[in-house]
Each structure stands twice: as structure tokens, then as C-alpha cells.
């Protein structure tokens, strides 16, 4: 098997101590409802992921994936596994590849939090924002497919898909800025001037148009499954932030990596990247590929959406860091996320200053 097929195999670990739940209660609840839960069940946790803990569930009838809310006190409107289940179920059979949804349990008494089960989709997951495995041709093809899938998502008729009440179709950007300002203040444990400056700058610079599509909210390489051997997306994951929104907010978020420096592993961001050598498209090429697939002009005002995305992601990462301080983050490495959220805020403010 080629090296590129081995790379990206999801890591499974024993269930973390702070994420353990009553596995016997889960089996009792699902016995007779889903195949395989009358016999032996083996549960392990997917390593990484900072939001909703995710588990591999092996049964004699096949493999599932369980996704649940984390334990402990949660930020308002966060960790909405019920919304994830709903939107993925609505997208089954569309041009957006998603796992088959199998069961939603909104009763927190069963295992301690609401949860859902979906089919396990074999493939490769690259948790970082930059793909470093494979060769340049494979990387180019995967990024092109990411652009194609994002365009396919924005082409979905959300009314026909039964998602007419999945969000408000007007005023998305204004509501999002207000929401993530509130989330930042809920997660805040220290002073961070750039976050406050962005919270003040963004409402004064939002675009006038109010285009509405189904928006993923966290569309990036780490939230898709790549075919085991082919350079194409076979499933889009992590729909917790999905809603009705502006498509360029999704595109701006997908472009964040172009404005982030390389991390210790050399894979976090693409600032300073030699795109001709790596095969990864530069931002202009990625955006052009998306525009071609979406059948729309190349956007001229993407920078504002990128700044918003940096502010929003900084708010999310600040919340992850707070959960780590509180002892209930999904990944123990989150205790070191202070510098990440601060760096994003500083980077977003630097772009805003250049625009102003």
C-alpha cells in the first residue's frame, strides 16, 4: 500500500478518564434499535478533536461512530450534537458526502449527555490544516476536491432539504459577530486587547449583501475524510456550527490557513509556503477553483470574512483553553492553547489595520 494511503489513519485510544460513560447503558439502549448491540461491543476514543468527544464503536454487525456532548458546564449554544445529526441526515443523497445517520438520543439520562450514532466511514483524516503527506499531485487534487465539495454544499437547496428553519436567512454576519463576541466573553479568563478591538471593528465593516446558503461553519481539511487511496473527499464531518449563513464566511474560514504561520510540526499554516513545490494551491488559486465550481465570480471582499473567521476561531480556541483549565477538554493538549487563540486575534487585527 502506498505511503499516502497509510498516512492519515485515525488514531484510536482508550476512552479518556474524563470522557468515560456507562457503556452497558449504551448497549441496553441500542439493543433492538441498531444491529450489533446484542453482542460484544468495543469502544475506543478518537484522539484529538476539541469539541464533541467522538468514539469508534465496533460491533459484530459493523462499526459505528458515536458523538456526544462533553461533560461539565458548557458555553451557551455550543456542542449541538442534535443539530449535527439533523443536518447530516438532511444531506444524505445530496452532492455533499456525509456518513449515514443511525440514531439520535436526546435523553441525557442514558449516558450522561445527548449523543448520536452514524456509520463509520473508512478513510484518511488529516487533523491539521495543512496536508503534508503524499506527493504534490495528490495534494493538489485533494485541495481541488475540498473547493468542489464546499461549492456543492453552498448549492444545496436548503428549503427542499427540510432545513428552512435551521437558521435565520437574514442578518447572518451581524448575528455571528454578536454571538462570538458573547462566546469570547463567556470563555474569557484574561485580558486580550486585540479580541476587544476586533469585536468593535467587525460590526462597522460587514458586507452589505446578505446572501444565504447552508453553511458548514468549520470547513477545513481536518473535518473531512479522504478516500483510503484516492484524492477525494468521501465524508464531511463536524457540523456543530452549521446553520443558514453567508457562503463567503465558509470560504473565508477555509482560507485561514493562508494567514497562519507554520506550527512546530510545520503543518499549521501556509505563510511562507512554496506552493510550486508542495502542490498545495495558493489562496488565489483555491478561491478561483471554488468560484469555478460554484459558478460565481471570484469574490472581491473576502478579507472581511477572513478577519471574522480569525475572530471566531480565536473565540472557539479560547473556549477550548478554558475547558482545559476546567479539566474537561476533549484533548489534553488543549492546556497549551493560550498562545493559539492570542495569535489568531493578533493576526486578525493586523489584517484589519491594513484594510482600514
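Residue numbers (the numbering used here): 17 to 372. Quick reminder that beta carbons are idealized off the backbone N, C-alpha and C, glycines included.
Quiz item: Taking the beta strand (DSSP E) that residue 132 falls in, what are its first and last residues?
Solution: Locating residue 132 in the chain shown gives position 116, where the first residue counts as 1. Segment 131-135, the beta strand (DSSP E) holding residue 132.
Quiz item: Are residue 203 and residue 85 closer than 8 Å when you measure CB to CB?
Solution: As a first step, residue 203 is located in the chain shown; it is residue number 187 there, counting from the start. As a first step, residue 85 is located in the chain shown; it is residue number 69 there, counting from the start. With contacts defined by Cβ atoms closer than 8 Å, residue 203 and residue 85 do not form a contacting pair.
Quiz item: From the beta carbon of residue 270, is the nearest beta carbon of chain B less than 8 Å away?
Solution: Absent here is chain B; the protein component of the structure consists of one chain.
Quiz item: Distance, Cα to Cα, residue 369 vs residue 276?
Solution: The residue labelled residue 369 in the question sits at position 353 within the chain shown. The residue labelled residue 276 in the question sits at position 260 within the chain shown. Answer to the nearest angstrom: the Cα atoms are 17 Å apart.
Exercise. From the DSSP output, in three-state form, read off residue 286 for me.
Key: The sequence position of residue 286 within the chain shown is 270, counting from 1. Three-state result, residue 286: coil.
Exercise. Count the other C-beta atoms from every protein chain shown that fall within 10 angstroms of the C-beta of residue 273, then say buried if there are 16 or more, exposed otherwise.
Key: Reading the chain shown from its first residue, position 257 is the one you call residue 273. Counting the other CB atoms within 10 Å of its CB gives residue 273 a total of 16 or more, which places it among the buried residues.
Quiz prompt | Terminal residues of the alpha helix (DSSP H) in which residue 160 lies | solution = One-based indexing of the chain shown puts residue 160 at position 144. Secondary structure note for residue 160: its alpha helix (DSSP H) is the uninterrupted segment 152-170.
Self-check item: Boundaries (first-last residue) of the beta strand (DSSP E) holding residue 230
Solution: To locate residue 230, count along the chain shown from 1; it is residue 214. Counting along the chain, the beta strand (DSSP E) containing residue 230 begins and ends at 229-231.
Quiz prompt | As assigned by DSSP and simplified to three states, the class of residue 119 | solution = Residue mapping note: residue 119 aligns to position 103 of the chain shown, counting from 1. Strand.
Quiz prompt | Spatial distance of residue 246 from residue 205 (CA atoms) | solution = By one-based count along the chain shown, residue 246 stands at place 230. By one-based count along the chain shown, residue 205 stands at place 189. A direct Cα-to-Cα measurement between residue 246 and residue 205 gives close to 44 Å.
Self-check item: Spatial neighbours of residue 135 in its chain, beta-carbon cut-off 6 Å, leaving aside the 5 residues before and after
Solution: As a working note, residue 135 is residue 119 in the chain shown. Excluding sequence neighbours, residue 135 sits near 115 and 116.
Self-check item: Start-to-end residues for the alpha helix (DSSP H) that takes in residue 363
Solution: Mapped onto the chain shown, residue 363 falls at position 347. Taken as a continuous stretch (DSSP letters only), the alpha helix (DSSP H) holding residue 363 covers 354-371.
Quiz prompt | Cβ distance (whole Å) where residue 77 is taken to contact residue 51 below 8 Å | solution = By 1-based counting over the chain shown, the position of residue 77 is 61. By 1-based counting over the chain shown, the position of residue 51 is 35. The pair is a contact, with the Cβ atoms about 4 Å apart (cut-off 8 Å).
Quiz item: Cα-Cα, which of 269, 37, 151 and 196 is closest to residue 124?
Solution: Sequence index remark: in the chain shown, residue 124 carries index 108 (1-based). It is 37.
Quiz item: Per DSSP, residue 140 is paired with what?
Solution: The sequence position of residue 140 within the chain shown is 124, counting from 1. 242.
Quiz prompt | For residue 296 and residue 155, the rounded distance between their alpha carbons | solution = Locating residue 155 in the chain shown gives position 139, where the first residue counts as 1. Locating residue 296 in the chain shown gives position 280, where the first residue counts as 1. When rounded, the distance between both Cα atoms is 6 Å.
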